[in-house]
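Numbering-wise (our numbering), the sequence shown opens with residue 568 and increments by one. For each residue, glycine too, the CB sits at the ideal point set by N, CA and C. It should be emphasised that the depicted structure is a prediction, and the values quoted were computed from it without experimental measurement.
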Amino acid sequence: MQRTNRMPIFLIFLLLVITSVIFYCSTTGTFINTKSIHAPPIQYCNDATGHIPGSKPWILGGTCCCTPSAELMEQYHKDGIALDLTYEDLVRMYREAGITTDLDHKGCNNMCDHGPHVVKGGKCMCTPTPGTKNFEEVVSGVFETVDK
């Protein structure tokens, strides 16, 4: 009986497999960005976005979610806002309302026991983590709805 050499058949098969893998991996399709390249306007300022001059503190019905500070209070006063309040008064108002700020804790991305963020109806006003979906929603005021 004559024995055939199967090595060339194996090499051809291996070459076909490698070629198929290379072509398959190199044709993954075109990337399509479904989001706008333009960021929506900032509706609610915070420590990451910086204070928007003229915006009132959240606790007074405004859109400023910046952490209370003496410097921020000076800015409010320059803008003619909360002229009868001190920094200590503002901090007290947030605490009496049960709202936590970056003065209380940080880094929770509003996923803590006090969350969600106050603009979403929660009791956490800590600065959301930049680059996250939560940050985009809090800053823009545009919330994704989830159908149940």
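message = If contacts are defined as beta-carbon pairs under 8 Å, then P695 and H681 qualify, I think. What distance do you get, rounded to the angstrom?
response = Rounded, the Cβ-Cβ distance is 13 Å, inconsistent with contact.
request  = Determine the extent of the alpha helix (DSSP H) in which S707 is found, giving its start and end residues.
outcome  = Judged by DSSP secondary structure, S707 falls within the alpha helix (DSSP H) whose first and last residues are K700 to S707.
query = Nearest-angstrom Cα distance between C691 and D651?
reply = If you take the alpha carbons of C691 and D651, they lie about 25 Å apart.
inquiry  = I'd like the list of long-range same chain contacts for N677, defined as Cβ closer than 8 Å, with 5 residues on each side in sequence excluded.
reply    = Within the same chain, N677 has close Cβ partners P683, H684, K687, G689, C691, C693, P695, N701 and V705.
inquiry  = Going by the DSSP bridge assignment, what does P624 pair with across the sheet?
reply    = Beta-bridge pairing links P624 to C631.
inquiry  = Can you look up H681 in the DSSP assignment and give me helix, strand or coil?
reply    = Here H681 carries a coil assignment [DSSP, helix/strand/coil].
ask   = Tell me which same chain residues have a C-beta within less than 8 Å of the C-beta of I546, skipping the five on either side of it?
value = Any question about residue 546 goes unanswered here, given that the chain covers just 568 to 715.
query = With distances taken between CB atoms, is the gap from T630 to I619 smaller than 9 Å?
reply = Yes, the Cβ-Cβ distance between T630 and I619 is below 9 Å.
query = Which residues bound the alpha helix (DSSP H) around D669?
reply = It is not in any alpha helix (DSSP H) - D669 carries neither H nor E in the DSSP assignment.
key: Unbroken alpha helix (DSSP H) run spanning E711, endpoints   = From DSSP, E711 is part of no alpha helix (DSSP H); its letter is neither H nor E.
key: Distance between beta carbons of T634 and T601, contact taken as under 8 Å   = Going by Cβ atoms, the distance from T601 to T634 rounds to 33 Å, so no, they are not a contact pair.
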